[in-house]
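Student: Please read through the structure below; I'll follow up with questions.
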Amino acid sequence: MAANDPTGAQSAIVTPVRDAAATAARDRAAEYLVSRHRFRWAEALPWLACIAVFFLFPDRLTFGSQVLVMVLFALSLDLILGYAGIVTLGQAAFFGIGAYTVGLGAARLGWTEPVSGLFAAFFVAALAGFISGWFLLRYRGLTLLMLTLATAIMMQEAGNLGSEFSGGYDGLPGLVFDPLLGRFEYDLYGRTNYVYALVVLAVVFYFVRRIVYSPFGQALTGIRENVRRMHAIGSPVHWRLVTVYTIAAGIAGVAGALFTQTNAYVTLTVFDFENSAKVMVMLILGGTGRLYGAFLGAAVYMIMEDYFSKLSPTFWQFGIGLLLVLAVLFARRGVLGLFEQFGAYFTKEKSKGAKP
Amino acid sequence: MRMLKWAGVAALALTVGGTAQAEKIKIGVVLPFSGANADLGHQVDKAFDLYIKLHAKDIAPHTIEIVKRDEGPPTGANAKTVATELITNDKVQILTGFVFSPSAIALAPVVTQAKVPMVIANAGTAWITNLSPYIARLSFSMWHHGYPMGAYAFDKIGCKTAALAYTDFPPGKDSTEAFKTGFEKAGGKVTESIPLGSPVQVPDFTPFFQRIKDSKPDCMYVFIPSGAHATGVTKAYGELGMRKAGIKLIGPMDLIPDNKLQDMGDAAIGTIVMGNYAVDLDNAENKAFNAAWHKEYGANSYPDFMSAAGWDTMHAIFDTIKKLNGNVTDGAKFIDAMKGWKTKSPRGDVMIDPDTRDIVQDEHAMEVIRKPDGKLGVKVLGTTKAVKDECKVLKLGRCGT
Amino acid sequence: MPQFAIIAVSILFDGLAYAMFLFITSVGLSVTMGLMGFVNLAHGAFAMAGGYIVVSLTRDLGIGFVPSLLIAAVLVGLISVVFERGLYRRLYKATDLEQVLLTIGLAFMAIATATYFYGPIPKSVPLPLWLQGDINLGFRSFPSYRAFLIVLGIALISVLWYAFERTNIGAKIRAAVDNRRMAESVGINVDLLFTLTFALGSALAALGGGLAIQLFGLSPSFAVLYLVLFLIVVAVGGLGSLKGTLLAALVIGVIDTGGKYLYAEAGGFFIYAITIVVLLIKPAGFYGRE
């Protein structure tokens, strides 16, 4: 009946049967929607881990700050890939723009204040994201992939042509940044850099979290899941995509700026295809569209890479490759998915136990 | 805790007193073991291992411990991270290796801050040694080969005009600049200067060389990284029949690395390079070095100029350890002790310039020939003694600071 | 002959030879992505495997270069079936991203494996005498190896064209690329077809890998080094289109060669500039379906 009579189906929606079970289900759904953005205790774990690392591995903070930079970079990709469904291989372009904003700022203009440098990097990269996004986001799939990739490589080539200015592949050596907040010098052990990167990551993470749980974030997810429907209900799809692309570009720029500042050095290799591909692999490994996937993916990838390359500087890629293959075969929703499965298993056990 | 440790050390020192104490010296080795340039890292690493194996007894009663880390891609950042951790986490006292210039450049402020000596076994951008007083270099600067080749090409090879072709990254620009400076000073004329694309992917050299062939210079000076690019250059040069067309292939020794020379075929014959090493150099040290190499790695494995630099690097480190009687905790003292170090090396006479901490070495003009035993090899056409990095002598650009 | 005509002819010749290499190596990737929507980033690893098999056959067993190419293609084709049945098959319904992760993982493992067996030093192959040297046409001489590439490329294109356009299997493949569900519902065994095309594509990649040794040398990182180039050819040509891949290879090969010849200073730009221009105008590539 319903199949031939759309009005019937519609009226069923307009006048739903108000039984107790349905109401309860709706309340649960509403409860879920309201509580989704609330802080969960599990969310504290990665941050506590980061703080613990500071005290437990004081000799390894240089590596630690590089991990945090990659987490931030992966986070920027998650915002567009995980939430808006934009697959791009050009994120390194914005990372590079941010990296060179503070690099050139320090080397050519004497702008050595680090925190304001981050803001500058955000705005320059965001501007680049806005312009390129306006043109490129009309495309999808492989086309978008290749367009973003080609754009990033063209920027690298341009940097190489102007190597007198950019420093080319030898980079901008001996960048010296002011002490952080005018007080904290950069020490050999990387303590300042680590804390600096962690604080920046936490701040950006907070904003990204706000964004994805806002109505704007919901609209993005809608676009990812069903772009036609979003068009149909009158959502300004292109505009929203450009907006999120711009924000993500800015965050990638901040990651790049942190990269330059923590290394006190930058070369054109930041624009490499490998850089874009690696961050994507990290994100997928961790799990897309859940923010903490970026966290976990970048950390797991880099820690394993570090571990394997110490084990065997020559053959470590085999280990990383195997890790990726196993992740695809046995952890379909990323490493975070594994944790979620564990979590779900325990909650189920608990609720089973609770019922008499 | 730390106080306790120091107290322990002090107590130990007291009990041992003045007698020579057996030190365990930790050396961090940073080389590209993976990625597109892994073969370069392995050429140096094999030389390190060989030297240590043969000479570990020389520094007795002291012993060394080697910690190897992957230099990774030439981003600077990766090498900086692993090398910083070698200092902070593994507590190495000496850093060595470094194939890529960006790695050394990125790390310079760190070794200055940590006061750890950094002994470079390859990275050839001229001005690296100016970046930190803790850096010494045993390999070469791009100017070592490029600059003398300029005059030699004009005077001896008979190049009145030359086209330049280089891989488009700093060593390539450095090397062609060095050649051009020497060549023009001698009276030669550079017809054109062509970038050959990225150092990572080997490009199709044919269109570039075809263009040079059509402009008919006397000589073509090519700089490429000594990995897979080198073979590609010789092949494209041979296929296009450029030698028949009267264009001579010249360059730094990176064109004909010894471990790839046998694969290059007849096309390589007649190539003239300027460089500090070839397996065919006729001196006792080189014969011993080659014999040891073949004994360790087999008859079909050849050392090349990178291995020779690696060998000398470890040699200098060992001699300095001996000189300081194993007391290498003071980085400044270590570098001081290294200044003026000299030896007869497989490359000829080498010395660390006390002023610049860069190498002073013999440069050989060499021509590729087919040897009587049917293998390819080189004939030394002439040797210039005690060549310094001309970029720093002339104080050009960054070399002057 | 006037100078500019000679230059034009040599650009066309060199560009054509380069295009043939691009076509042979990329066409398999295009068909796999077009037919199953499978993103196979391990395609370069199959090419690398082909290259190393050619090295082993010619150097260690003394087999001729051309027979070695054929043996390598067949061997890699067979090996690829094992991977397709064992691993790829599980992910046909998975997202592109998971396919990317799997195949990049495989490529990494391939690099380490090749390093283990062959070492990191780039390899080259001994060529028969008739492939060395050059062919003189009076106004200009051309390298024989490149002439060989062109002849081989044209022969392969003819065979592929015939197989795609004139045989039953070819018709089925085209049907499946156009509309997989429809093809399945009229009784075409798309799974089997895919295994076949996958094997063929990998065999061609292996052939391309063998041919590439003389051009670029062969080291373990070959597995990922030229991947971007292959992806560009596929995207510019249009997924799953033989004609498109050929046209893309020709355009990219000739313009890249011409650009390097005429404006070497900006040599790196051309290939990416073409990609951007073509894709902005024709987002699905030359012959892809919008």
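Protein chains in written order, with the numbering used here: chain B, 37 to 392; chain R, 660 to 1060; chain Y, 51 to 340.
The C-beta atom is built at its ideal place from N, Cα and C for all residues, glycine as well.
Note that this is a predicted model, so its numbers are computed, not measured.
#1: Give the C-beta separation of LEU181 of chain Y and TYR195 of chain Y to the nearest angstrom, bearing in mind that I take them to be a contact with Cβ-Cβ under 8 Å.
#2: Kindly indicate the opening and closing residues of the alpha helix (DSSP H) around ARG276 of chain B.
#3: Going along the segment 721 to 732 of chain R in order, which residues come within less than 7 Å of chain B, judged by CB to CB distance?
#4: In terms of residue numbering, what span does the alpha helix (DSSP H) encompassing MET965 of chain R cover?
#5: Using a Cβ-Cβ cut-off of 8 Å (strictly less than) and excluding sequence neighbours within five positions of ASP941 of chain R, which residues of its own chain qualify?
#6: Name the chain Y residues that come within less than 9 Å of TYR175 of chain B, Cβ to Cβ?
#7: Counting only C-beta atoms, is PHE375 of chain B closer than 7 Å to chain Y at any point?
#8: Helix, strand or coil: how does DSSP classify ASP63 of chain B here?
#9: Three or more beta-carbon pairs under 8 Å between the segment 279 to 292 of chain B and the segment 151 to 170 of chain B, yes or no?
#10: Give a yes or no on whether 7 Å exceeds the smallest Cβ distance from PHE813 of chain R to chain B.
#11: Pick helix, strand or coil for HIS794 of chain R, following the three-state DSSP scheme.
#12: On the DSSP letters alone, give me the boundaries of the beta strand (DSSP E) that TYR825 of chain R sits inside.
#13: Can you give the Cα-Cα distance for SER130 of chain Y and HIS267 of chain B, rounded to whole angstroms?
#14: The segment 250 to 274 of chain Y: which residues have C-beta closer than 7 Å to a C-beta of chain R, in chain order?
#15: Could you name the residues of chain B that SER760 of chain R contacts, counting a contact when the two beta carbons are closer than 8 Å?
#16: Taking 7 Å as the CB-CB cut-off, is ILE753 of chain R touching chain B?
#17: Suppose only complete runs of 3+ residues qualify. What are the beta strand (DSSP E) ranges in the segment 295 to 340 of chain B, listed by chain order?
#18: Can you name the residues of chain Y whose CB is closer than 8 Å to the CB of ILE320 of chain B?
#19: Could you tell me whether the Cβ of SER60 of chain Y comes closer than 7 Å to any Cβ of chain R?
#20: If we ignore side chains and look at the alpha-carbon of each, how far apart do THR156 of chain B and GLY253 of chain B end up?
#21: Quick one, which residues of the segment 303 to 319 of chain B are near chain R if we go by CB-CB under 8 Å, in chain order?
#22: Quick check on GLY1059 of chain R - is its C-beta less than 7 Å from some C-beta in chain Y?
#23: How would you call GLY2 of chain B, buried or exposed, if buried means at least 16 neighbouring beta carbons within 10 angstroms?
#24: Decide if ASP814 of chain R is buried, meaning its Cβ has at least 16 other Cβ atoms within 10 Å, or exposed.
#25: Should PRO776 of chain R be flagged as near chain B, meaning a C-beta pair shorter than 7 Å?
#26: What three-state label does DSSP hand MET923 of chain R in the structure shown?
#27: Around the Cβ of VAL239 of chain B, are there at least 16 other Cβ atoms within 10 angstroms (buried) or fewer (exposed)?
#28: When you compare the segment 303 to 318 of chain B with the segment 123 to 139 of chain B, are there three or more beta-carbon pairs, one atom per stretch, that lie closer than 8 Å?
#29: For GLN160 of chain B and THR137 of chain B, what's the separation of their Cα atoms in angstroms?
#30: Using the C-alpha atoms, what's the distance from ILE321 of chain Y back to LEU152 of chain Y?
#31: From the DSSP secondary-structure annotation, give me the bridge partner or partners of PHE882 of chain R.
#32: LEU766 of chain R versus chain Y: which residues are under 9 Å apart at the beta carbon?
#33: Of all the residues that make up the segment 682 to 696 of chain R, which are near chain Y by a beta-carbon distance shorter than 7 Å?
#34: Using a Cβ cut-off of 7 Å, which residues of the segment 168 to 184 of chain Y contact any Cβ in chain R, in chain order?
#35: Within a Cβ cutoff of 7 Å, which residues of the same chain sit near GLY910 of chain R, ignoring the five residues on either side of it in sequence?
#36: For the alpha helix (DSSP H) containing MET70 of chain Y, name the first residue and the last one.
Tutor: The answer reads as follows:
#1: 5 Å
#2: 273 to 299
#3: LYS727, ARG728, ASP729, PRO732
#4: 964 to 982
#5: VAL1039
#6: LEU329, LEU330, PRO333
#7: no
#8: helix
#9: yes
#10: no
#11: Before going on, a small fix: residue 794 of chain R reads as Ile here, not His. Three-state DSSP puts ILE794 of chain R in a strand.
#12: 820 to 825
#13: 42 Å
#14: GLN264, LEU265, PHE266, GLY267, SER269, SER271
#15: ASP206
#16: no
#17: none
#18: LEU147, GLU148, VAL150, LEU151
#19: yes
#20: A small fix is needed here, since residue 156 of chain B is Ala in this sequence, not Thr. Roughly 25 Å separates the two Cα atoms.
#21: THR303, THR305, VAL306, ASP308, GLU310
#22: no
#23: What the structure shows of chain B is the stretch from 37 to 392, and residue 2 of chain B is not part of that stretch, so it cannot be assessed.
#24: exposed
#25: no
#26: coil
#27: exposed
#28: yes
#29: Reading off the sequence shown, one finds Val at residue 160 of chain B, where the question assumed Gln. Using only the alpha carbons, I get a separation of about 7 Å.
#30: 28 Å
#31: R:TYR825
#32: Simply none; closest approach about 23 Å.
#33: GLY694, ALA695
#34: PRO170, ILE171, PRO172, SER174, ASP184
#35: TYR880, VAL881, PHE882, VAL932
#36: 53 to 86
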